Amino acid sequence: MSLNVLFTFFCIFAAVSGRNTKTKWSKPNRYDPTESPLFKQEILKLMGLRQRPKPTGISSHLRRLMSAPRYMIKLYNSISQNQSFHDGFCCNNTIADSRALGADTIMSYLHPVYGKGPKLSHNHAKFHFKIVSPVGEKITATEFRLYKARTTPSKYWQNSTFVLRLYQIIYPAQVLDLIERRVLRSWDVGWQAFDISKAGKSWSESPSNNYGLELSVENFYNHEVSPYKAGFVGFNGPQEFHPFIVSFFQRDSDDSYSRRFYPEFMKHKQGRSSRVTRSANSKAGANRKNNSHLSNKGICQRRVLYVNFRKLQWQDWVIAPGGYSAFYCHGECSFPLNSNMNATNHAIVQTLVHLMNPKTVPKPCCAPTNLSSISVLYYNDNKDVVLKKYPNMVVTSCGCH
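Just so we're aligned: the sequence shown equals residues -18 to -1, 1 to 383 in mature numbering (1 follows the signal peptide of the UniProt record, and there is no 0).
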């Protein structure tokens, strides 16, 4: 089923909802389009999902406690509300927001790959996540986030200084590739964000070579200490401080999501010429009289259409939003086409020809001239949190074409 047919479902739903708000009926609607399995299936296809995700064991209370969902919710709010950020930083104390602005999909990976693999040193901490790239998208950046809690400072500053080194495991217990070296104090508290984009890209291209990360911590005297004794929180710590990975993806140019609801020329509307000559023949005059009774409500314009995810009973896997205003275009495109109808030159010519001979060509159609995207935050089957941008989902303006 095409996207145009899906949009027709939306229009039917809007029409049914509109009648219910204006008319008092004693009998409920016999048919609700949102109850149709076909409707839900087409929405899932539009979201790039073969079936409805079923993340088990994640309640709304647990969602508020887990580190990755909390971070992704903040990131979603930052993007959705178009909050301004300064010097590349925003609400999450990371440059991730600047990366998010150019990303089509953002995925967080919270659940580790279990199993005691060999380490280069018994004092090292190992972090291993399974990185899965969305189909038709390429990874652009990856970030590893690790929380450091406060530790009891020593009266000697040398014992309160830690040098940490984060490595990509090239070959377990043998070859490590240094990603970053960082100096911290015992009193430092908060999330530490590491740019591991090189490792993320290699794991995405060759998942079998993903052996994870190793973290080493040394004191001022170059003696290795356990990262956990230095205050770093691992998978056994509080859930709100569990380490996780965030990856940013962009769609390939030939991806199916680049297809539009409507033909491409509707996006790039032509400027209306100020020198269009309108014939003052009798047919045009008669048409003005016939359309004089039309109010502003009857002309081509944007109308209200709200898609409710909760009504689809998807609240167990769709985190945000609860729904969105899709809008739709409806109304007459009759002569004369006013400036507020956003008519193209072609639509004006078509209107004039229609006036001369209505049987030759129809009137122009009321259709979207500009569309905008929405972002949806949801769980996939692996309980990973996904923030995905869907283009051309909201009608921002209408016109005659």
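Each residue gets a CB set at the ideal place from its N, CA and C atoms; glycine is no exception.
Note that the structure is predicted; figures quoted are calculated from it, not measured.
R32 and L102 have their C-alpha atoms roughly 41 Å apart.
The DSSP-derived three-state label of A329 is helix. In this structure, the alpha-carbon of G219 lies about 19 Å from that of L146. Residue pairing by DSSP places S307 opposite Y288 in a beta bridge. For E206, the closest C-alpha among the options D234, R52, M338 and A107 is that of A107. Of the other Cβ atoms in all chains shown, 16 or more fall within 10 Å of the Cβ of G213; this residue is therefore buried. In terms of Cβ geometry, C315 and P350 do not form a close pair [threshold 8 Å]. In terms of Cβ geometry, V289 and A302 do not form a close pair [threshold 8 Å]. Here the alpha carbon of S168 sits roughly 13 Å from the alpha carbon of S208.
Residue environment analysis places G304 among the exposed positions, since fewer than 16 neighbouring C-beta atoms fall within 10 angstroms of its C-beta. For a cut-off of 8 Å, the C-beta gap from F226 to S90 is around 6 Å, short enough to register as a contact. Listed in chain order, the non-local C-beta contacts of L166 below 6 Å within the same chain comprise F144, local neighbours out to five positions each way being set aside.
When the Cα atoms are used, P51 and V367 turn out to be separated by approximately 6 Å. F317 sits in coil when the DSSP states are folded into three classes, being neither helix nor strand. When C-alpha distances from S184 are compared across H224, S229 and F317, the shortest belongs to S229. Residues of the same chain with a CB within less than 6 Å of the CB of T122, apart from the 5 flanking positions on each side, are F230 and Q232 in chain order.
Per DSSP, the continuous beta strand (DSSP E) segment holding A107 begins and ends at A107 to F109. Under the three-state reduction of DSSP, P94 is assigned to strand. Beta-carbon to beta-carbon, S355 and M338 are separated by about 41 Å, too far to satisfy the 8 Å threshold. Boundaries of the beta strand (DSSP E) around W173: G172 to D177. In its chain, beyond the 5 residues on either side, E206 and S208 have a beta carbon closer than 6 Å to the beta carbon of N105. For F21, the uninterrupted alpha helix (DSSP H) run begins and ends at P19 to L28, by DSSP.
In the structure shown, F223 adopts helical secondary structure according to DSSP, grouped into three states.
As summarised for the region 144 to 205, the continuous alpha helix (DSSP H) elements at least 4 residues long and confined to that stretch are 179 to 187, given in chain order.
For M375, the enclosing beta strand (DSSP E) covers residues V367 to C382. When secondary structure is reduced to three states using DSSP, N59 falls in the helix class. Taking each of W173, Q221 and L294 in turn and checking the Cα distance to E24, the smallest one comes out for L294. Of the residues L47, S49 and A82, the one whose Cα lies closest to the Cα of S60 is A82. Annotation for T124: the continuous beta strand (DSSP E) segment containing it runs E119 to K130. Annotation for A85: no beta strand (DSSP E) segment contains it, and DSSP assigns it neither H nor E.
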